[in-house]
Each structure stands twice: as C-alpha cells, then as structure tokens.
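K.L.:
Mind having a look at this structure? Questions to follow.
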Amino acid sequence: MRARSVVGLLCFLTVGCGGMADPDVETSSSALKKRPGRDRCAVRPPSAADQEAIERDLSASTAQAKATAGVITVPVHFHVVITSEGVGDVSSLIPAQMEVLNAAYASAGFQFQLVSQEVVTNDAWYFSVLGSAEEQDMKASLRQGGANALNFYTTAGDIYLGWATFPKWYQPLGFYDGVVVWWASLPGTGLKIPVDPELEPDGLIEYDLGDTGTHEVGHWLGLYHTFEGACNKNGDRIDDTPAEFEPQFFCVERDSCTGKKFPGSDPIHNFMDYVDDACMDQFTGDQHERMRKQWDIYRARG
Ligand SMILES: [Zn+2]
Numbered sequence: 062m063r064a065r066s067v068v069g070l071l072c073f074l075t076v077g078c079g080g081m082a083d084p085d086v087e088t089s090s091s092a093l094k095k096r097p098g099r100d101r102c103a104v105r106p107p108s109a110a111d112q113e114a115i116e117r118d119l120s121a122s123t124a125q126a127k128a129t130a131g132v133i134t135v136p137v138h139f140h141v142v143i144t145s146e147g148v149g150d151v152s153s154l155i156p157a158q159m160e161v162l163n164a165a166y167a168s169a170g171f172q173f174q175l176v177s178q179e180v181v182t183n184d185a186w187y188f189s190v191l192g193s194a195e196e197q198d199m200k201a202s203l204r205q206g207g208a209n210a211l212n213f214y215t216t217a218g219d220i221y222l223g224w225a226t227f228p229k230w231y232q233p234l235g236f237y238d239g240v241v242v243w244w245a246s247l248p249g250t251g252l253k254i255p256v257d258p259e260l261e262p263d264g265l266i267e268y269d270l271g272d273t274g275t276h277e278v279g280h281w282l283g284l285y286h287t288f289e290g291a292c293n294k295n296g297d298r299i300d301d302t303p304a305e306f307e308p309q310f311f312c313v314e315r316d317s318c319t320g321k322k323f324p325g326s327d328p329i330h331n332f333m334d335y336v337d338d339a340c341m342d343q344f345t346g347d348q349h350e351r352m353r354k355q356w357d358i359y360r361a362r363g
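Last residue of the sequence shown: 363 (the working numbering), numbering continuous.
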C-alpha cells in the first residue's frame, strides 16, 4: 500500500507522467544540451489536481496567514547515510549547511534549528534511487518529528543533486516527507566543475556552497521552479519572478519570455532556478509569503 502511494506521487515528482509538461524534454536550447554535471533537481510539480487544491487552500487561508507573524523556527533532523567503507560522511559539515540555510531564509522569517543528527551506515540506503523501496525504507526507518520537522538526508543522491517533497503531500505520505541531497553538495566538499567560459563566465560550476539544500528546502516549503509553466500565465504562481521559458544552468543574464505580457529578465539569481550555487542568492517577497502561508496551512500544526 505504501509503495503504491509513493509511486503515484513520484509519477509527478520525477517525470511528470500523463500530460504534465517536462521542461527538460521540450526544449531545443543548446545551453540545456551542454548543462554541467548532474541534474540539479529531480522535483517536478504536483499533479494538476493537487496544484488546484493548493491554490484553493491558499485563497481560503489568506486572512489567517496574514496573522502569522514573527520568526518561524523549523526543527531539523539530519541523517548522514554512509557506505560500509565510510564514503559520504559529511557530518562535520552539518554546521556549515545549517548556516547556509539560516542565511538564505532569514529574510523570509524562517530559522532552522538542529535538534538531532546521526551517521547511519547502510549501503542500500546510500545508493538508493529516487522513489525506490530502499529510499522509502530509509525514510520510514529514520524520519523524526511531525509535519513541521525538516528531515535532511545525505546519500549518493541517485543521479541528482537533490530532491524534496511538497508540504501538500505530508498528508497522507508523512513518512516520505523531507529533503534528500547528494552529500557532495554540502558546503566545503570541493565540488567544482570546470566548464567552457563561453558557457559559464567564471569557468566554474560550483555546487559546494550548500545551496542545493537551500533549493530543496524551497520545494519543501512549497515553492515551484522559477521556470515552471514556461511562459504560461500562471508560471510558478509567484507574481514577482518574471516568467522564464526553461531552466538556466549558467550565470548568464537572459530574457526568455519576451513581449509586453512578460516584463523583466529571467530570475536567474533566484534560489529556485538551476544556476550554480555561486550564482543564486535570492528569494522574492512573494516567495516569502507563499512559503509562510503554506507553512501555516500544512506544517505549522505538526
Ligand atoms: Zn528543484
């Protein structure tokens, strides 16, 4: 029963089955064909029905969410999964990852408080791929806390830098809730990939500043990618991020949705795009509001 539920969810998390647009498939961009290293993120938007339900929940909660003020403290449970040979032990980098999260989310009014950490030796979990029985087993065994608890797992990361679950999915899949990242994305690992300066102006893709965690926690708090919906009207459901046709992998300014309907250049420096860590440093005011509202609706009451 549990496996079947997660497979249904992952249909949208990974490949956008059944008519959901996958921006990686439909593009002919040369930049995408040359994208560096691993895929930044495995998250795809929720089903159309879930998205509509989220919008209804947000509309209904407007008055209530405005009453939510002050700093929101998020308890964090950190699970470092390593191989039997000790590969992947980034436990010494947990404080730096916490600092990165706290700096990125301070202006949104979130603070992250580490309440537990563990190093777990398990080869099957370390090498588990997205949505597999091994990943589900890992989470079912290790997850702690309620809907408000951020469970942060480091593994080999499948073929991605990371993935996350949306707040709406906590019911009924609470055991699966959380963020999984490749351990090498934590700050200070040295994960820097030389690339052609014609693509990346500084000649280096830096994925070791901890912003894979920032990006995935953005999903965990309810944000979509900035390029969600390409140049369509609703896009990422955020009014103050200009529309964006496709992910941007390189730190190059761009305007991919043009014309009077689409003012502004692409939000390439936003944490919810696909640029490298050195290039992303922003959430917008509307993103702050959307995360706080979804916290209030889906996570605040544990
Ligand atoms: Zn993502």
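For glycine and all other residues, C-beta sits at the position ideal for the given N, C-alpha and C.
Tell me whether Asn-163 sits in a helix, a strand or coil according to DSSP, three-state version.
P.N.:
Here residue 163 refers to the residue found at position 102 of the sequence shown. Looking at Asn-163 - three-state DSSP - the assignment turns out to be helix.
K.L.:
Just mark Lys-354 as buried or exposed, buried being the case when its beta carbon has 16 or more other beta carbons within 10 Å.
P.N.:
Position 293 of the sequence shown, counted from the first residue, corresponds to residue 354. Flag for Lys-354 reads buried.
K.L.:
Return the CA-CA distance between Ala-164 and Gly-271, expressed in angstroms with no decimal places.
P.N.:
The sequence position of residue 164 within the sequence shown is 103, counting from 1. The sequence position of residue 271 within the sequence shown is 210, counting from 1. Near 11 Å, if we compare the C-alpha coordinates of Gly-271 and Ala-164.
K.L.:
If you reduce the DSSP assignment to three classes, tell me which class Ser-120 lands in.
P.N.:
Stepping through the sequence shown from its first residue, residue 120 is reached at position 59. Reduced to three states, the DSSP call for Ser-120 is helix.
K.L.:
Considering only residues of the same chain and omitting the five flanking positions on each side of Gln-343, which have a CB-CB separation below 8 Å?
P.N.:
The residue you call residue 343 lines up with position 282 of the sequence shown. Excluding sequence neighbours, Gln-343 sits near Pro-328, His-330, Asn-331 and Phe-332.
K.L.:
Identify the continuous beta strand (DSSP E) that holds Tyr-214 and give its terminal residues.
P.N.:
As a working mapping, residue 214 is identified with position 153 in the sequence shown. Counting along the chain, the beta strand (DSSP E) containing Tyr-214 begins and ends at 211-216.
K.L.:
Quick check on Met-333 - is its C-beta less than 8 Å from some C-beta in chain B?
P.N.:
Absent from the structure is chain B; it holds one protein chain and no more.
K.L.:
Going by C-alpha to C-alpha distance, which of Ser-122, Phe-288 and Tyr-214 sits closest to Glu-307?
P.N.:
Looking up residue 307 in the sequence shown gives position 246. When each option's Cα is compared against that of Glu-307, the closest is Phe-288.
K.L.:
Closer than 7 Å to a non-hydrogen atom of ligand 1 - does that hold for the CB of Val-104?
P.N.:
Walking along the sequence shown from the start, residue 104 turns up at place 43. Checking the Cβ of Val-104 against ligand 1 gives yes.
K.L.:
Tell me whether Ile-266 is buried or exposed, calling it buried when 16 or more other Cβ atoms sit within 10 Å of its Cβ.
P.N.:
Within the sequence shown, residue 266 is the residue found at index 205, counting from 1. With 16 or more other Cβ atoms within 10 Å, it is buried.
K.L.:
Hey, quick one: how far does the beta strand (DSSP E) through Arg-225 stretch, first residue to last?
P.N.:
Counting from 1 along the sequence shown, the entry for residue 225 is found at position 164. Residue identity differs from the one stated: residue 225 is Ala in this sequence, not Arg. 223-225 is the span of the beta strand (DSSP E), which, as asked, contains Ala-225.
K.L.:
Along the chain, where does the beta strand (DSSP E) that runs through Pro-233 open and close?
P.N.:
Residue 233 sits at position 172 when you count from the first residue of the sequence shown. Careful: Pro-233 lies outside any beta strand (DSSP E), inside the alpha helix (DSSP H) at 231-234.
K.L.:
Do Cys-318 and Cys-340 have their CB atoms nearer than 8 Å?
P.N.:
On the sequence shown, position 257 is the one that residue 318 refers to. On the sequence shown, position 279 is the one that residue 340 refers to. No, the pair does not count as a contact, with Cβ atoms beyond the cut-off.
K.L.:
Mind checking which residues open and close the alpha helix (DSSP H) that includes Glu-267?
P.N.:
The residue labelled residue 267 in the question sits at position 206 within the sequence shown. That residue, Glu-267, is in no alpha helix (DSSP H); its beta strand (DSSP E) goes 265-267.
K.L.:
Going by DSSP, which residues form a beta bridge with Asp-100?
P.N.:
Within the sequence shown, numbered from 1, the residue matching residue 100 stands at position 39. Answer is Tyr-221.
K.L.:
So for Thr-275, helix, strand or coil by DSSP?
P.N.:
As a working mapping, residue 275 is identified with position 214 in the sequence shown. Here Thr-275 sits in helix by DSSP.
K.L.:
For ligand 1, is there any heavy atom lying closer than 7 Å to the beta carbon of Val-138?
P.N.:
The residue you call residue 138 lines up with position 77 of the sequence shown. The sequence shown places His at residue 138, not Val. No - ligand 1 has no heavy atom lying nearer than 7 Å to the Cβ of His-138.
K.L.:
Need the endpoints of the beta strand (DSSP E) that Glu-179 sits in, please.
P.N.:
Here residue 179 is taken as the residue at index 118 of the sequence shown, counted from 1. Unbroken beta strand (DSSP E) run through Glu-179: 171-182.
K.L.:
Counting Cβ pairs, one atom from each stretch, are 3 or more of them under 8 Å apart for the segment 102-122 and the segment 211-222?
P.N.:
In short, these stretches touch, since the Cβ pair count reaches three.
K.L.:
Would DSSP call Ile-133 helix, strand or coil?
P.N.:
Sequence index remark: in the sequence shown, residue 133 carries index 72 (1-based). In the structure shown, Ile-133 sits in a strand (DSSP, three-state: E or B).
K.L.:
Quick check: Val-214 and Val-142, are their CB atoms within less than 8 Å of each other?
P.N.:
As a first step, residue 214 must be located in the sequence shown, where it is residue number 153. As a first step, residue 142 must be located in the sequence shown, where it is residue number 81. Note on identity: in this sequence residue 214 is Tyr, with Val being the wrong assignment. Yes, they are a contact pair.
K.L.:
Taking contact to mean 3 or more Cβ pairs, one atom from each stretch, closer than 8 Å, check whether the segment 195-203 and the segment 222-239 are in contact.
P.N.:
Short answer: they touch.
K.L.:
Given 7 Å as the limit, tell me if His-330 has its C-beta closer than that to any heavy atom belonging to ligand 1.
P.N.:
The residue given as residue 330 occupies position 269 in the sequence shown. Flag unset: Cβ of His-330 not near ligand 1.
K.L.:
Taking 7 Å as the cut-off, is the C-beta of His-280 nearer than that to any heavy atom in ligand 1?
P.N.:
In the sequence shown, residue 280 corresponds to position 219, counting from 1. Indeed, a heavy atom of ligand 1 lies less than 7 Å from the Cβ.
K.L.:
For Glu-259, does the count of other Cβ atoms within 10 angstroms reach 16, so buried, or fall short, so exposed?
P.N.:
Here residue 259 refers to the residue found at position 198 of the sequence shown. With fewer than 16 other Cβ atoms within 10 Å, it is exposed.
K.L.:
What's the C-alpha gap between Ser-246 and Arg-117?
P.N.:
The residue given as residue 246 occupies position 185 in the sequence shown. The residue given as residue 117 occupies position 56 in the sequence shown. Each residue's alpha carbon lies about 35 Å from the other.
K.L.:
Using the rule of at least 16 other Cβ atoms within 10 Å of the residue's Cβ for burial, across every protein chain shown, is Pro-106 buried or exposed?
P.N.:
Taking the first residue of the sequence shown as position 1, residue 106 is located at position 45. When all chains shown are included, Pro-106 counts as buried.
K.L.:
Quick one: give me the first and last residue of the alpha helix (DSSP H) that Lys-354 is part of.
P.N.:
Your numbering for residue 354 matches position 293 in the sequence shown. First-last of the alpha helix (DSSP H) with Lys-354: 346-355.
K.L.:
Going by the beta-carbon positions, is the gap between Asp-338 and Tyr-268 smaller than 8 Å?
P.N.:
Locating residue 338 in the sequence shown gives position 277, counting from the first residue. Locating residue 268 in the sequence shown gives position 207, counting from the first residue. Against a cut-off of 8 Å, the Cβ pair of Tyr-268 and Asp-338 comes out as a contact.
K.L.:
Going by C-alpha to C-alpha distance, which of Ala-217, Phe-139 and Thr-250 sits closest to Phe-188?
P.N.:
Residue numbering aside, residue 188 sits at position 127 when the sequence shown is read from its first letter. Cα-wise, what sits closest to Phe-188 is Ala-217.
K.L.:
Considering only heavy atoms of ligand 1, does any lie closer than 7 Å to the CB of His-276?
P.N.:
In the sequence shown, the residue the question calls residue 276 occupies position 215. At least one heavy atom of ligand 1 is nearer than 7 Å to the Cβ of His-276, so yes.
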